[in-house]
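*Asks:* In this note's numbering, the protein residues as written are 199 to 355.
All C-beta atoms, glycine included, are put in the ideal place defined by N, C-alpha and C.
Being a predicted model, the structure only gives us computed values, none of them experimental.
The structure follows.
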């Protein structure tokens, strides 16, 4: 049974656009590459043909993966998010107690996580450690870099 994928509307739209692009442009490019390789002669000794077929297989696997993700997606409504504690779709301002530095992240699903955009996966060690915490609480989180302590400063949408 597939896991439910929690997405924002923005994340859902992004996956839908990528899927549509792969189904149209991606499949056309794969077919063109196979046709070009096929024209080069004997298929049993044609490395370009094998590579094009492998690329097509990877493309179809990615399409299937995205379709499954959308089929199991549940779009979260930010107006219904409880900000009394850290949960998916909340923005949390935390203070790294060791470095005395404040950071703000949005807690999102694995597929939407992007540290450059300050979006932290709910399934990451830090995400798991923050979920359920309330303002003023200290989250002690075991990470690959060691034990980290964060104070929850603010929770918002």
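Short of 6 Å in beta carbon distance, which residues of its chain neighbour residue 231, apart from the five on each side in sequence? Order them along the chain.
*Replies:* Cβ within range, chain order: 250.
*Asks:* For the 8 Å Cβ check, are there 3 or more pairs between the stretch 263–279 and the stretch 295–304?
*Replies:* No contact exists between the stretch 263–279 and the stretch 295–304.
*Asks:* Going along the chain, which residues of its own chain have a beta-carbon closer than 8 Å to the beta-carbon of residue 201, five neighbours each way excluded?
*Replies:* Correct list, in chain order: 270.
*Asks:* What are the complete beta strand (DSSP E) segments, minimum 3 residues, inside the stretch 209–267?
*Replies:* Within the stretch 209–267, no complete beta strand (DSSP E) run reaches 3 residues.
*Asks:* If I follow the unbroken alpha helix (DSSP H) through residue 328, where does it start and stop?
*Replies:* Looking at the DSSP string, the run of the alpha helix (DSSP H) that includes residue 328 is 323–328.
*Asks:* With DSSP as the reference, please indicate the residues paired to residue 341 in a beta bridge.
*Replies:* In the DSSP output, where bridge partners are listed per residue, residue 341 has 344.
*Asks:* Distance, Cα to Cα, residue 199 vs residue 206?
*Replies:* Bear in mind that a pLDDT of 41 at residue 199, under 50, signals an unreliable position, so the number given afterwards is only what the model happens to contain. About 22 Å.
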